[in-house]
Structures are given as structure tokens and as C-alpha cells.
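Asker: When we follow numbering that gives the first Met the number 0, the leftmost residue of the sequence shown carries the number 0, and every step to the right adds one. We treat Cβ as the ideally placed atom computed from N, Cα and C, and that holds for glycine. If you're wondering where the values come from, they're calculated on a predicted model, not measured in any experiment. Below are the C-alpha cells for one structure; questions will follow.
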Amino acid sequence: MCGIIGITGQGPAVPRLIDSLKRLEYRGYDSAGVAAVVDGRSDRRRAKGKITELEAVLAADPLTGASGDPTVGIGHTRWATHGAPNTGNAHPHQAGRVTLVHNGIIENFAELKAELQAAGHVFESQTDTEVVAHLIDQGLTAGRDPLDAFKAVLDRLRGAYALAVLIEGEDGVILGARHGSPLVVGWGEGEMYLGSDALAVGPFTQKITYLEDGDYVRLDRTGATVFDMTGARANRSVVQVSASTALVEKGEHRHFMEKEIHEQPDSVQHTLSAYLDLVNAKVRPPEGLDFAAISRLQIVACGTAFYAGMIGRYAFERLAGLPCDVEIASEFRYRHPALMDGTLAVAVSQSGETADTLASLKWCKAHGFRTAALVNVHSSSMAREADHLWPTHAGPEIGVASTKAFTAQVAALLALAVTAGVQRGRIDAAEEARLVRVLFEAPRLIAEALTLGQAIQAVAQELSKARDVLFLGRGAMYPLALEGALKLKEISYIHAEGYAAGELKHGPIALIDEATPVVALAPLDEVFEKTASNLQEIAARGGPVIMIAPEAAETPHGAIMTRVAAPDCDPLIAPLVYAVPMQLLAYYTAVQKGTDVDQPRNLAKSVTVE
Ligand code: F6R
């Protein structure tokens, strides 16, 4: 959701806060702000819109003083929850001596606000956050030590938060806390940092401490002291994160999304290599896990990750005979699900921080089920919470619309399904070798699919004129149709729906007319003929069909058809290969429409609120 950063250092803080906020913009981007200690006083600048708007404000009205450029400051980029995205609601928020930024939701803010108002506090925003500043200031005014005042307030907050706080008079000090929302401490030379993730502090340091839920911290230029939720000093290790956290440039690409689509041959290969041994054509079972001892899988996830989970289900049941349920985490967590003994709960998530998925994982753990986290951010809350960490190796994904993280999730799930088949005695050595080789064909075929760019650009020109688009597929192509529709709607704002091709005649076919394009995913698999019949039914009703299929696949009779020639591939890896034309179609349609591809309206990359 929102991104936060704090720096207590030696050099000018403001340009570096801005640099960090740009890296955090993927978390939210409807308004932004920075505050810095200028001549001993906290001063702030805020702007509605993206970081570039904030830069313009700072250029017109710099945060400098008689003592020069400030070296201590905090910054925030917002995804609005409480209060409209305007300058007044933008962080940092101030009350008396306190200035702070917050990521999360303070659920009991209304009662706290009423109490503060009754005590004479005047609020200037509609946010939940502002109460925290007033409460801390109230403690300071009552004569409490800053750290005590801070801790006393944390004890009163309900909900999720990551906080970075400046207190006037506390030179070089930043206070931080996390509960439910991520926060890291970065260690520099004579400088210290606080950020939403390792990416935020990436330009300054790769030495990181991941705070745990309930931790709070006091930073000054020389170091950090961490306390746990009981107020006891906590020993949290310092880890070296990979240099790839610094790799967030677009390179030759126009958008991060385009770059990330093109990174998929590599990201899929890296991910497969973690689970499969190509040299010996064997699976590499994750440590400490025997699928033969598991009676059921329960996958929980949101959005694109949920669709990856659905694709996984087809593979686990087919290849391993392992019953598998997949559910949207926001439903699962409140449904009181009745899970069977022997169930392994698997959270699938790019960020590893999505609030509903994390809560579902915790619920399963608390109810005695084993848990695994299939995550791209290996230091995330889910990674640390789960019994088993199953990493994807997509590298940092910045585009808000997930692409390479999705295919990495699918690749890992397919590889794990083969592993499960081997461990459960459903797949013999010869079949294991064949399937491992098939999976490793995916990177090359994804690269081949990437050459479809020009053909798809032409299709996108037409598609960009549509008001509604339908996506169809059968088997594992059905969840991919759902994903294709999600990709298109989230970045081009064209209404799109995905359907199981066989379901069309049970209602949605009523939508078909000459203005409603239908994108059909039709690999040459065992259900190709069925899909082809469904396309004929659409053609008979005048619906324009965009058929993504291998060249060898026959065009259904009488169809009004645009063909996109997908690479021929084994049906097992078709979801990986066909994901590429789906993504390119959405991408080029959005470019054609001139939308903000990397930061579509109303969205945020990491959804750490319910
Ligand atoms: C869509 C998209 C979202 C995420 C969802 C879950 O392109 O990115 O639907 O898939 O918000 O996020 P993670 O995977 O971080 O749990």
C-alpha cells in the first residue's frame, strides 16, 4: 500500500528521500510528502499525485534553512484508505512536536479521534493516521520521554501500521514501529535508514534488519535499538540483501511492465532451476517436505496469484492425484473453513505481504496445519511465517500489473506438482525425466512468444476500441483467461471477463455481438476440438474472435477470426507460454490508449490492508 522511508544521516536528506519514494511508488502513488528537520524544526512539503508533483513543490519551495540542507527526514507515498487523495490528507502528518508517516490502517481511529477532540485537539485531515501524531504529542506534553510516549501509543492502536516518526528536539532521531505492515532498518556508515522494504533503502545500503511484528525501534545516526512488543530489547539480526534490490531501472524499455514481460525467459528458468535438476532430469524436492504424507493442498491467494494457484490445482490433481483446493484469501480468512487433517496450506504471493493472504496463512498455522509460502520476496512476512519457504526467483517486480511474478509462480507450482507426482508414486523415472525436460522448454518458448510483439500490437489497436472483451479457455487455459481479462482491465480500463469456454452457452453468450471481441486461448491439447466448437458458436452470432493458437491448429469453420500464432508446446507448459501473448495484448492496448501502464489508477502493488 503506502511506502515509507526515513533517513538520519550526514548528507542532504531530501533528494535521497525523493529517490527512495520513487522506488516505493509502486506501493501507492496518489499523493506524496516529505518532512525534514530544518534548523531544529520539522517542516514538510506535500503534493497530490505522483512524486514528480512533489518534486515540483520542492523546487518551488525547497526544504532548506539557515543551517543548510537537512540531514534527517521522512517521506511517504500514499495509497488512500481513509480520506481522499489530496494534499491535506497526504503524509507526513503533524501535531505539536510530532511529524510522522504511516502505512496501514488504524482501525480504532474514530474512537481515538473523538477522545482527542474532546480533549481539545484539532484535526486537519480526514486520515486515520493523524490520531497517532496527536496521541504521541499528548504523551510528550504530559512530560513523557519520547520512546515511552511512543510505546504507550502503540499499545493503544488497533489495526496495521508501519510508522516513521520525527520528534522536534530529538536531534537525529527517528522512531519506527511495525505491526502487520512491513518495515526494515537499513545500516549505513554513520547513517541509518528506515523503509517499507529493502528496495527503498537499496541505493544507500544492502545491510538490513527486518523488524518483526510488534517491534519498535529508535534510530540515530550511529545505530538502531529494537524493542519487542513487551518493551524488552530485541536482538534482530542484520542481513545482507542481494544487489538485485538495487536493480530497478527500466533500461531500454518504455515501462517496467514491458521490461518485466521480457525478463520472463530468465525468471522462469531461475525459478524452475530451484525445483528441478535439468542435468539429471530429476525433481529437487523442497527440504523437509514429502507430498506422499500430505492428503490435501489448500492454496490461498489474491488476484493474479490466485489464478496462478488455480493453474497449479490442475497440475497437482492431474499429475500427482493430490486433491487441491484454491481459494481467494479474503473469503477464506473469514469463512471458518473445514480443512481435513493432513492438509498443507500454501500461500501464493508475489509480495509475501498481502494482508488477506498473510492472515489466511496465520489462521491455518494457528489451527495446526502445516504451511508453505510460495513468495517472490523471500524476506517477507509470509516467508518468515510459513513452515516452508518456496521461493520464486522473478527478481523485484515494479510494474503494478504482475507479469513475471505470475509466470514464476506458475513455473514453481508446475515443478512442485511433478515433484508431488514422483513422491506419490504417480510418475516413474522416465516420465519424471520427460516432464523435467518439458518444463525446461518453457524459457525458450516464452522467448519465442515474445517475438509476437508486432502481431499483437496490430491486434491491440483494434482491441483498444472495444468497450467489453471476453477471454475464453478450457482446462489450465481457463484461469489464464481470467488472468488475461484482469491484466486488460487493470491497465487499459477496458471491461473484460474471463470464462471457461464450455460455460459460455450457460449465459455469457448473450453478450456476444459484433462489437465484443473474444480472445480465445486454444493450444493443441486434448480439449482443442471442444474449444474450437465454442468459437464456432461465437462466430455464428457475429462475434469477432482473436484466436491464440499454434499455426497447425485449424481455424474453426465460419469464424470471424484474427489469428495469433502461438508457439507449439506441450500442454503442461501452455499456461507459461500463452501468458506472454495475454500480457502483451494488455500492455499494447494500454499503450495505445495512453494509460499509465506501470501505475494504473486506484491500484497499488502491495495490498497490506484488507
Ligand atoms: C494484478 C496483481 C494483483 C496481485 C494481488 C496479490 O496484476 O498484481 O492482483 O496479484 O494483489 O498480490 P501478491 O501476489 O503480492 O500477494
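Could you tell me which residues DSSP pairs with residue 93 in its beta bridges?
Answerer: 98
Asker: Just how far apart, CA to CA, sit residue 526 and residue 316?
Answerer: C-alpha separation (whole angstroms): 17 Å.
Asker: Is it the case that the segment 321-330 contacts the segment 579-595, given that we only count it when at least three CB pairs across the two stretches are under 8 Å?
Answerer: The answer is no - the segment 321-330 does not touch the segment 579-595, with fewer than three Cβ pairs under 8 Å.
Asker: Residue 154: buried (16+ other C-beta within 10 angstroms of its C-beta) or exposed?
Answerer: exposed
Asker: Tell me whether residue 544 sits in a helix, a strand or coil according to DSSP, three-state version.
Answerer: strand
Asker: Helix or strand or just coil, what does DSSP make of residue 362?
Answerer: helix
Asker: Would you check if the distance between the CB atom of residue 320 and the CB atom of residue 423 is smaller than 8 Å?
Answerer: Yes, the Cβ-Cβ distance between residue 320 and residue 423 is below 8 Å.
Asker: For the ligand F6R, I want to know if residue 302 counts as a neighbour, meaning its beta carbon is within less than 7 Å of at least one of the ligand's heavy atoms.
Answerer: yes
Asker: The ligand F6R heavy atoms versus the CB of residue 356: any closer than 7 Å?
Answerer: If you check the C-beta of residue 356 against the ligand F6R, you find a heavy atom less than 7 Å away.
Asker: I need the DSSP call for residue 520, collapsed to helix, strand or coil.
Answerer: Shown here, residue 520 sits in a strand according to DSSP, grouped into three states.
Asker: Please report the straight-line C-alpha distance between residue 692 and residue 304, rounded to a whole angstrom.
Answerer: Since the first residue shown for the chain is 0 and the last is 609, residue 692 is missing from the structure and cannot be characterised.
Asker: Taking residue 410 and residue 267 to be in contact with their CB atoms under 8 Å, please state how far apart those CB atoms are, rounded to whole angstroms.
Answerer: Going by Cβ atoms, the distance from residue 410 to residue 267 rounds to 5 Å, so yes, they are a contact pair.
Asker: Residue 458 to residue 592, Cα distance in whole Å?
Answerer: If you draw a straight line from the Cα of residue 458 to the Cα of residue 592, it comes to about 13 Å.
Asker: Run the proximity test for residue 329: is its beta-carbon closer than 7 Å to any non-hydrogen atom belonging to the ligand F6R?
Answerer: no
Asker: Using the C-alpha atoms, what's the distance from residue 58 back to residue 550?
Answerer: 56 Å
Asker: Can you tell me where the alpha helix (DSSP H) holding residue 35 begins and where it ends?
Answerer: No alpha helix (DSSP H) holds residue 35; the beta strand (DSSP E) holding it covers 30-37.
Asker: In chain order, what residues of the same chain have a beta carbon less than 7 Å from the beta carbon of residue 386, not counting five sequence neighbours either side?
Answerer: 369, 370 and 371
Asker: Between residue 239 and the ligand PLP, is there a pair consisting of the residue's CB and a ligand heavy atom that are separated by less than 7 Å?
Answerer: As far as ligands go, the structure on display features the ligand F6R and does not contain the ligand PLP.
Asker: Since residue 176 and residue 214 are thought to touch, with beta carbons under 8 Å apart, how far apart are those beta carbons, to the nearest angstrom?
Answerer: 7 Å
Asker: Hey, how far is the Cα of residue 34 from the Cα of residue 41?
Answerer: Rounded to the nearest angstrom, the two C-alpha atoms are 6 Å apart.
Asker: For residue 348, report the span of its beta strand (DSSP E) as first-last.
Answerer: 342-348
Asker: For residue 490, which of 262, 205 and 255 has the nearest alpha-carbon?
Answerer: Check the Cα spacing between residue 490 and each of 262, 205 and 255: the tightest is with 255.
Asker: What number of angstroms, rounded off, separates the C-alpha of residue 567 from the C-alpha of residue 130?
Answerer: 59 Å
Asker: Rounding to the nearest angstrom, what Cα-Cα distance links residue 172 and residue 546 in this structure?
Answerer: Residue 172 and residue 546: Cα-Cα distance of roughly 60 Å.
Asker: What do you get for residue 125, buried or exposed, if any count of 16 or more other CB atoms within 10 angstroms of its CB means buried?
Answerer: exposed
Asker: Whole angstroms is fine: what's the gap from residue 571's alpha carbon to residue 44's?
Answerer: Distance from the CA atom of residue 571 to the CA atom of residue 44, rounded to whole angstroms, is 53 Å.
Asker: Rounded to whole angstroms, how far is the Cβ of residue 97 from the Cβ of residue 73, which I believe are closer than 8 Å?
Answerer: About 11 Å separates the two Cβ atoms, so there is no contact after all.
Asker: In angstroms with no decimal places, state the Cα-to-Cα distance between residue 363 and residue 345.
Answerer: 9 Å
Asker: Of the choices 85, 157, 14 and 221, whose alpha-carbon is the least far from that of residue 63?
Answerer: 14
Asker: Classify residue 232 as buried or exposed, calling it buried when 16 or more other Cβ atoms lie within 10 Å of its own Cβ.
Answerer: exposed
Asker: Report the residue from 505, 514, 501 and 91 whose alpha carbon sits nearest the alpha carbon of residue 495.
Answerer: When only C-alpha atoms are compared, the closest one is 514.
Asker: Would you report the Cα separation of residue 420 and residue 433, rounded to the nearest angstrom?
Answerer: 13 Å
Asker: By the DSSP assignment, the alpha helix (DSSP H) with residue 308 in it spans what residues?
Answerer: 302-319
Asker: Just how far apart, CA to CA, sit residue 188 and residue 238?
Answerer: 15 Å
Asker: Are there 16 or more other CB atoms within 10 angstroms of the CB of residue 101, so buried, or fewer, so exposed?
Answerer: buried
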